[in-house]
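Participant: First the structure, then my questions, so here it is.
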């Protein structure tokens with residue numbers, strides 16, 4: 001067998017075996033692309049009338065929200081602008097629990113409770129990440145299938161390359177006539193669309209794989225010169241508390257950071273799980289983007305800032321390798337390019353979802369044609 005024939009057989013077998021997974025992951029990716037924009041149409045409850053008085057402290061917000069879910073773990077509390085509600089986020093891995101309590105920042109009144117594991121976008125995300133299967137099984141199937149899809153994209157490009165230059169033009173456009181049969185149209189849909197989106201699909205698949213596999217993230221980070229730890233780490237306190245204080249130092253932290261970062265979009269404070277763990281605050285500087293956030297850590301007794309050996313620290317201290325990993329999610333969903341980037345990500349995901357369909361039809365057409373020839377020969 002020639003090299004291209006071997007590539008073709010692998011492309012066909014792997015494409016048929018992973019086609020359904022790729023279709024689901026791609027089509028759910030379309031559904032996720034404009035999540036923030038769609039949710040903003042009906043999230044008026046997150047806004048409040050600003051008042052000329054202090055907002056709730058992190059401790060008070062946590063205590064009020066715990067009255068709603070006393071048996072669950074507070075993941076963190078999100079503070080935004082003066083006219084935004086405070087969001088206390090609860091998360092437990094087993095059994096999975098992910099809900100938010102929205103509080104009036106001035107009165108402490110409970111405005112609304114959101115369940116992040118129900119609704120349309122929760123359904124879409126579960127399909128995208130694990131095919132609606134149990135987490136441990138579904139995530140492995142998706143992860144392996146997308147790695148295989150990367151090979152399918154590369155092999156598809158190799159197969160697309162024409163043997164002769166004069167045949168290049170017909171591989172670049174739809175040259176359909178009234179007499180063109182559906183099999184030829186389907187072939188063109190698969191090859192022409194595949195060519196134009198292959199680079200973009202490769203980016204989406206690769207960035208998705210980076211989120212699935214830590215070993216791949218580590219390999220990419222080190223290969224581009226990264227020297228820090230490519231994992232998220234919360235450092236320990238520097239000091240030790242001598243006695244219990246009436247007002248925790250943590251309750252001054254949001255005010256302190258707001259003064260230092262007047263243009264910040266939000267501050268997400270994460271409470272220490274032990275007396276030795278530092279306070280972790282994620283300072284977001286851009287709406288809808290994650291890569292340029294500052295991950296800051298403070299001694300819970302003195303509020304002294306603690307540096308982390310991880311890539312997740314202050315953005316201004318990030319090198320090229322750190323920025324590449326930080327941008328990964330924003331690239332994956334297209335947010336790195338604003339609304340235009342999201343539109344491109346949406347279209348690429350939609351067209352990517354078409355490839356397993358047209359590929360399966362190509363296989364069916366060729367197999368059916370072959371069987372029909374055999375049957376006709378038997379009848380003759």
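Residue numbers (the UniProt record's numbering): 1 to 380. Glycine included, each C-beta is placed from N, C-alpha and C at the ideal position.
Using the rule of at least 16 other Cβ atoms within 10 Å of the residue's Cβ for burial, across every protein chain shown, is residue 15 buried or exposed?
Facilitator: When all chains shown are included, residue 15 counts as buried.
Participant: Return the CA-CA distance between residue 375 and residue 365, expressed in angstroms with no decimal places.
Facilitator: Below a pLDDT of 50, predicted positions are generally treated as unreliable, and residue 375, at 48, falls in that range; the measurement from the model is reported next regardless. Cα-Cα distance, rounded: 15 Å.
Participant: For residue 107 and residue 261, what's the separation of their Cα atoms in angstroms?
Facilitator: In a straight line, the C-alpha of residue 107 is about 25 Å away from that of residue 261.
Participant: Does the structure place the region 206-222 close enough to the region 315-328 that three or more beta carbon pairs sit under 8 Å?
Facilitator: The region 315-328 vs the region 206-222: in contact.
Participant: Given a threshold of 16 other Cβ atoms within 10 Å of its Cβ, counted over all protein chains shown, does residue 134 qualify as buried or as exposed?
Facilitator: Residue 134 comes out exposed.
Participant: Thinking C-beta only, is residue 273 closer than 8 Å to residue 280?
Facilitator: Not a contact, by the Cβ cut-off of 8 Å.
Participant: If you reduce the DSSP assignment to three classes, tell me which class residue 44 lands in.
Facilitator: Helix at residue 44.
Participant: Is residue 221 buried or exposed, if buried means 16 or more other CB atoms sit within 10 Å of its CB?
Facilitator: Residue 221 is buried by the Cβ-count criterion.
Participant: Label residue 129 either buried or exposed according to how many other C-beta atoms from any shown protein chain fall within 10 Å of its C-beta, with 16 as the threshold for buried.
Facilitator: So residue 129 ends up on the buried side.
Participant: In whole angstroms, what is the alpha-carbon distance linking residue 378 and residue 20?
Facilitator: The pLDDT assigned to residue 378 is 45, lower than 50, so where the model puts this residue is not dependable, and the model offers no usable value.
Participant: State the DSSP-derived secondary structure class of residue 304, mapped to helix, strand or coil.
Facilitator: Three-state DSSP puts residue 304 in coil, outside helix and strand.
Participant: Just to confirm, are residue 105 and residue 137 a CB contact at a threshold of 8 Å?
Facilitator: Not closer than 8 Å, so no.
Participant: Reducing DSSP to helix, strand and coil, say where residue 100 ends up.
Facilitator: Residue state, collapsed to three classes: strand.
Participant: Which of the three DSSP states, helix, strand or coil, is assigned to residue 110?
Facilitator: In this structure, residue 110 counts as strand in the three-state DSSP scheme.
Participant: When you compare only the Cα positions, how much space is there between residue 143 and residue 29?
Facilitator: Roughly 15 Å separates the two Cα atoms.
Participant: Apply the 10 Å Cβ neighbour rule to residue 120 and answer buried if 16 or more other Cβ atoms are within range, or exposed otherwise.
Facilitator: The residue is exposed, with fewer than 16 neighbouring Cβ atoms inside 10 Å.
Participant: If we call anything under 8 Å between Cβ atoms a contact, is residue 236 one with residue 278?
Facilitator: Taking 8 Å as the Cβ cut-off, residue 236 and residue 278 qualify as a contacting pair.
Participant: Please report the straight-line C-alpha distance between residue 175 and residue 203, rounded to a whole angstrom.
Facilitator: Approximately 29 Å between the Cα atoms of the pair.
Participant: Rounding to the nearest angstrom, what Cα-Cα distance links residue 224 and residue 215 in this structure?
Facilitator: Their backbone Cα atoms lie some 14 Å apart in a straight line.
Participant: Taking residue 171 as the reference, which of 149, 180, 196 has the closest Cα?
Facilitator: Comparing Cα-Cα distances from residue 171 to each of 149, 180, 196, the minimum goes to 196.
Participant: Mark residue 132 as exposed unless 16 or more other C-beta atoms lie within 10 angstroms of its C-beta, in which case mark it buried.
Facilitator: By the neighbour-count rule (16 or more Cβ atoms within 10 Å), residue 132 is not buried but exposed.
Participant: Taking 8 Å as the limit between beta carbons, can you name the residues of its chain near residue 39, skipping five residues before and five after?
Facilitator: Excluding sequence neighbours, residue 39 sits near 121.
Participant: Assuming residue 23 and residue 357 make a contact with CB atoms under 8 Å, what is their CB distance in whole Å?
Facilitator: The Cβ separation is near 7 Å, so the contact holds.
Participant: Indicate the three-state DSSP secondary structure (helix, strand or coil) for residue 218 in the structure shown.
Facilitator: In the structure shown, residue 218 sits in a helix (DSSP, three-state: H, G or I).
Participant: For the beta strand (DSSP E) holding residue 329, just list the boundary residues, first then last.
Facilitator: Premise fails: residue 329 lies in the alpha helix (DSSP H), 328-332, not in any beta strand (DSSP E).
Participant: Take residue 217 and list the residues in its own chain whose beta-carbon comes closer than 7 Å to its own, dropping the five residues that flank it on each side.
Facilitator: Excluding sequence neighbours, residue 217 sits near 210, 230, 325.
Participant: Run through DSSP, which three-state label would residue 310 get?
Facilitator: Strand at residue 310.
Participant: Please determine, among 17, 96, 34, the residue with the shortest C-alpha to C-alpha distance to residue 340.
Facilitator: It is 34 whose Cα lies nearest to the Cα of residue 340.
Participant: For a minimum of 4 consecutive residues, which ranges assigned as the alpha helix (DSSP H) are wholly contained in the region 120-188?
Facilitator: DSSP runs (the alpha helix (DSSP H)) wholly in the region 120-188: 120-130, 135-160, 168-172.
Participant: Quick check on residue 358: does DSSP put it in helix, strand or coil?
Facilitator: Correct three-state label for residue 358: helix.
Participant: So, for residue 194: in the same chain, excluding its five sequence neighbours on each side, which residues have a beta-carbon less than 7 Å away from its beta-carbon?
Facilitator: Counting only Cβ-Cβ distances below 7 Å, and skipping sequence neighbours, we find 156, 160, 355.
Participant: Please look up how many angstroms separate the CB atoms of residue 251 and residue 58, rounded, as I've assumed it's under 8 Å.
Facilitator: With a Cβ gap of about 6 Å, residue 251 and residue 58 count as contacting.
Participant: Under the rule that 16 or more other beta-carbon atoms within 10 Å means buried, what is residue 149, buried or exposed?
Facilitator: It counts as buried.
Participant: Using alpha carbons as the reference points, say which of 109, 266, 26, 18 lies closest to residue 346.
Facilitator: Considering only alpha carbons, the answer is 26.
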